[in-house]
Amino acid sequence: MKRCPECRRDYHDDSLLYCLDDGTALLDGPASAPGREEPQTAILRGVDRSGESPTTAQINSTDQTAISHSGPPAAPKAAVDKRLVGISFLVAVIVVTAGVLGYRYYSPTKPINSIAVLAFENRSGNADSDYLSDGLTESLIYRLSQLPDLKVSPTSSILRYKGKDTDLQKIASELGVQAIMSGRIAQRGDNLTISVELVDAANNKLLWGEQYERKISELLATQREIATEITNKLKVRLTGVDAAKAEKKYTDNNDAYQLYLRGRFYFAKRGKDNLLKGIDYYQHAIALDPNFALAYVGVAESYNLAVSNSNLSPQEAMPLAEAAVRRALEIDRSLAEAHAAHATSLIANWNWSDAEREYKRALELDPNAAETHYRYAINYLITVGRSDEAIAEIKRALELEPLSLAMNANLTSAYLAHRQPDLALEQAQKAYNLDPNHLSARLWLGLAYIGNARYDDAIALDEKILQVDPTDPDILYTVGYAYGRSGRRNEAEAVIRKLKDIAQTQYVDLTSIAAVYTGLNKRDEAFAELEKAFDSRSPTLAATLADPLLDPLRDDPRFNDLLRRMNLPE
232 MKRCPECRRD YHDDSLLYCL DDGTALLDGP ASAPGREEPQ TAILRGVDRS
282 GESPTTAQIN STDQTAISHS GPPAAPKAAV DKRLVGISFL VAVIVVTAGV
332 LGYRYYSPTK PINSIAVLAF ENRSGNADSD YLSDGLTESL IYRLSQLPDL
382 KVSPTSSILR YKGKDTDLQK IASELGVQAI MSGRIAQRGD NLTISVELVD
432 AANNKLLWGE QYERKISELL ATQREIATEI TNKLKVRLTG VDAAKAEKKY
482 TDNNDAYQLY LRGRFYFAKR GKDNLLKGID YYQHAIALDP NFALAYVGVA
532 ESYNLAVSNS NLSPQEAMPL AEAAVRRALE IDRSLAEAHA AHATSLIANW
582 NWSDAEREYK RALELDPNAA ETHYRYAINY LITVGRSDEA IAEIKRALEL
632 EPLSLAMNAN LTSAYLAHRQ PDLALEQAQK AYNLDPNHLS ARLWLGLAYI
682 GNARYDDAIA LDEKILQVDP TDPDILYTVG YAYGRSGRRN EAEAVIRKLK
732 DIAQTQYVDL TSIAAVYTGL NKRDEAFAEL EKAFDSRSPT LAATLADPLL
782 DPLRDDPRFN DLLRRMNLPE
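So this is what it looks like as structure tokens:
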């Protein structure tokens, strides 16, 4: 006699191995425990008269089945119909197989701790709706990034797959994630159709799929609904604080939210005109919801980037960035992005201790923000001479965002600042091979060549780039420096004149001209340009002083005087 340890049902057929109700392995045991009322027992009906084997539909539960009691024992085993034994064995095999397949394909999957949200496909047939598909993608990435212990591939890593029909398992392998989310969005007038799929990439198993028919006015609520569904499917366990963070509402105004998405769309395009257009959308969002902290952060980030990319002068942009980020922090001091943007503004004012405090606070609030680790390294740690820590921070950023070309390229700068030119060149070549057309990858390969005294290689690379864009200030100062160091003085002087001409119509950081003078070993002229950069509050002056390109000036007392006046360690 056997018993199921789960449902405690008894079976008199000793040939059965598994419970016919729940598939649990049967155990040898007594028919019943004293004083316990026994449940009904599953049996097989007689064989179908057609001679076909019985199916699972023929397995019934009946109160007519003989069960153990204090009466006479059941019939001997020899009297059992042999066909029933065979049928029982067949059923047991079916149950076991079903159990295995069910566990493999239908049981709850183990918790997933990493995900990539691919760019939503715009099925509207109208490029003007791209802001909706891109914005929804970025919003979901942002909201999922708030979840604890969940790695989410950032926007910059997934953009390379946009518009490509790429194998999901390959994408998951390249990004180092377990799950992939993809979707499509179509706008027809005021109506939206959003289709979403979540796939466990390891076995190409669909975890969840849904289609939403919504009005465009419901976009904000729909985005939250999708994020909640995904959270549930990923089986993320949230504490009370974490749940509040994941469900946090940054605005309840759907129109403001759509304007914010448009701002993010143009911010991602870069370039002066796009940044200014993005700022305009952010400002319109703020007009509709004056407490929309993320929109203020968008304004600050845009102005900071415009200065960093020499699109706007620091005198013009930095006060506006500072005002926006201070307002964001007044509204919400728990916003990690606001603290990171504030750190950038403080660095522009050479307030180093407060800048580090803000970077650290941002990382406390969001330790998985790759961009913050990266900015902390290149904006602060390298500048104050802590290049070993900068290397560690950029490597941490790359663990979170391994495909970021900017981060891969700028790791070169940390190696150069740490006076490891061989590692710098190795890293620069790696970044360049990922994308030879990437601006940062090209710039830092040229600078790595210079750091290894391979001036001819730097010149060949930079001259090739200048054939396409002859007014790129970064490439001009790099090739100008290499000209000077390799003895091609006339060509270096020509670069200086060209940079000064460009400065008549657009912002050119004066540190670029100082660097070329340094390559020519013209110290007085170099320091004159550095002083002008100091007076104009150059946003790159501090980083330039940490650059190995200026090593020929370091033994001059004027160099340490500059460091002292900028509150930097001498």
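Quick note: the sequence shown, position 14, residue 245 per our numbering, numbers continuous.
We put the CB at the ideal spot given by N, CA and C, even for glycine.
Check: Whether or not the segment 485 to 503 and the segment 353 to 372 are in contact is what I'm after, with contact meaning three or more pairs of Cβ atoms, one per stretch, closer than 8 angstroms; do they touch?; Outcome: yes
Check: Examine chain B for any beta-carbon lying closer than 8 angstroms to the beta-carbon of Phe-790, and answer yes or no.; Outcome: In the structure shown, chain B cannot be found, because there is only a single protein chain.
Check: Straight-line CA distance for Ser-404 to Thr-386?; Outcome: 17 angstroms
Check: Where does the unbroken beta strand (DSSP E) through Trp-439 begin, and where does it stop?; Outcome: 436 to 446
Check: Which residue spans inside the segment 563 to 603 form an unbroken alpha helix (DSSP H) run of at least 4?; Outcome: 567 to 579, 583 to 596
Check: Whole beta strand (DSSP E) runs in the segment 397 to 438 with 3 or more residues, listed along the chain?; Outcome: 410 to 419, 422 to 431
Check: From the DSSP output, read off the bridge partner residues of Leu-258.; Outcome: Arg-234
Check: With a 10 Å radius around its C-beta and 16 neighbouring C-beta atoms as the bar for buried, classify Ala-358 as buried or exposed.; Outcome: exposed
Check: Rounded to the nearest angstrom, what separates Gly-616 and Asp-766 at their Cα positions?; Outcome: 23 angstroms
Check: Could you give the first and the last residue of the continuous alpha helix (DSSP H) run that contains Val-747?; Outcome: 741 to 750
Check: Is Glu-532 helix, strand or coil by DSSP?; Outcome: helix
Check: According to DSSP, is Pro-783 part of a helix, a strand, or is it coil?; Outcome: helix
Check: Whole angstroms are fine: how far does the CA of Pro-704 sit from the CA of Ile-609?; Outcome: 20 angstroms
Check: Is Gln-735 buried or exposed, if buried means 16 or more other CB atoms sit within 10 Å of its CB?; Outcome: exposed
Check: Please go through the same chain and pick out, in chain order, the residues whose beta-carbon is closer than 6 angstroms to the beta-carbon of Ser-635, but skip the five residues on each side of it.; Outcome: Ser-387
Check: If we ignore side chains and look at the alpha-carbon of each, how far apart do Ser-345 and Ile-622 end up?; Outcome: 25 angstroms
Check: Roughly how many angstroms lie between the CA atoms of Ala-554 and Tyr-534, to the nearest whole one?; Outcome: 11 angstroms
Check: Give every residue of the same chain whose Cβ lies closer than 6 angstroms to the Cβ of Glu-722, excluding the five residues on either side of it in the sequence, and list them in chain order.; Outcome: Tyr-714
Check: Please tell me whether Leu-450 and Gln-489 are closer than 8 angstroms, where the distance is taken between their beta carbons.; Outcome: yes
Check: How long is the line joining the alpha carbons of Tyr-748 and Glu-724, rounded to whole angstroms?; Outcome: 8 angstroms
Check: Would Ile-717 pass as a contact of Tyr-686 if the rule is Cβ separation under 8 angstroms?; Outcome: The question names Ile, but residue 717 is Ser in the sequence shown. Contact: yes.
Check: Enumerate in chain order the residues of its own chain whose CB-to-CB distance from Asn-484 is below 7 angstroms, with the five nearest sequence positions on each side excluded.; Outcome: Leu-519, Asp-520
Check: By the DSSP assignment, the beta strand (DSSP E) with Val-348 in it spans what residues?; Outcome: 345 to 348
Check: Any idea which residues DSSP pairs Lys-382 with across the strands?; Outcome: Ser-345
Check: Would you mind working out which of Pro-788, Leu-772, Ile-733, Val-726 sits nearest Asp-755, comparing C-alpha positions?; Outcome: Pro-788
Check: Give a yes or no on whether the C-beta atoms belonging to Glu-428 and Gly-440 are separated by under 8 angstroms.; Outcome: yes
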